[in-house]
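Notes to accompany the following structure.
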Amino acid sequence: MTCWGYRKAAGAGLVLFVALASASCGDVVRQGRSPAYLVIDNLMGASGAKPDDFDHTLDSDVVTNIKVTEGENTYFAETFYEDRGELEAHIVLKDPGTPGSPTQPSEANQITINRYHVRFVRADGRNTPGVDVPYEFDGAATATFGPSGARLSFVLVRAQAKREAPLLALRRMGGAQLISTIAEVTFYGQDQAGNAVKATGQIGVNFADWADPE
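Once you know that position 30 of the sequence shown is 29 in numbering that gives the first Met the number 0, the rest is easy, because the numbers rise by one and skip nothing.
Next up, the structure:
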């Protein structure tokens, strides 16, 4: 039975049983039974205004003005782009063997990531979602990682976050005001035997109404 199943079945002993189930699930994911774990090599982001320009710090444009031509009329339309993230990672065995006889991973050790969670925090401790930072969220993205590594593309900043507080207040402010955050991204998945695995990385995200691309 899954952790959620235990929570639903707790009945009269809900408070105590949920606490015990949550602790157990955390231990399984954190320590895990999988003989392999995921090593994050790179965690990068690209603004929706410049989707091919990945960097280790994301300058997120809260609103992008796009030139639109209709007949003889040309105007700028406000557009809210999502920002993409990219994970590069590979697996390593917990038991590497000996220098003369290293342990080689098998296909059963490959790890498939299928979901992730993004949480934004600030260095000054002002971390109230919807007031100081964007709301945290869950997303789905799938890739399988082996010893040679792989990449996973995912949504790092949702478009709807740019239409909500606190990002919407940065609209039309240019670079005069910005919100600097750290995005904590936790990836969840399992190896091919079904053992739970997770890995967490961080990337700096600076929100402002940056200059639009030409």
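Glycine is no exception: its CB is placed at the ideal position from the N, C-alpha and C atoms.
Residue from the options with nearest C-alpha to residue i
| i | options | result |
| --- | --- | --- |
| Gly-138 | Leu-151, Asp-123, Pro-34, Val-117 | Val-117 |
| Thr-199 | Ala-88, Ala-48, Val-132, Asp-52 | Ala-88 |
| Ala-164 | Asn-126, Gly-148, Ser-46, Ile-90 | Asn-126 |
| Arg-171 | Thr-102, Ala-122, Asp-211, Gln-109 | Asp-211 |
| Ile-90 | Ile-39, Gly-44, Arg-83 | Ile-39 |
Check whether residue i and residue j have beta carbons under 8 Å apart
| i | j | result |
| --- | --- | --- |
| Ile-242 | Phe-206 | No answer is possible for residue 242: the residues shown for the chain start at 0 and end at 213. |
| Thr-68 | Tyr-80 | no |
| Leu-273 | Phe-153 | Here the chain has residues from 0 to 213 only, and residue 273 is not among them. |
Per DSSP, cross-strand counterpart(s) of residue i
| i | result |
| --- | --- |
| Pro-101 | Gly-96 |
| Phe-75 | Lys-66 |
| Tyr-115 | Gly-138, Phe-186 |
| Ser-179 | Asn-205 |
| Met-43 | Glu-85 |
Distance, residue j Cα to residue i Cα
| i | j | result |
| --- | --- | --- |
| Arg-32 | Pro-95 | 16 Å |
| Val-196 | Arg-150 | 17 Å |
| Ala-76 | Lys-66 | 6 Å |
| Asp-190 | Leu-155 | 24 Å |
| Leu-57 | Val-204 | 5 Å |
| Asp-131 | Leu-167 | 12 Å |
| Ala-35 | Glu-183 | 22 Å |
Residue i, DSSP secondary structure in three states
| i | result |
| --- | --- |
| Ala-88 | strand |
| Asn-108 | helix |
| Arg-162 | helix |
| Ala-195 | strand |
| Ala-35 | strand |
| Ala-149 | strand |
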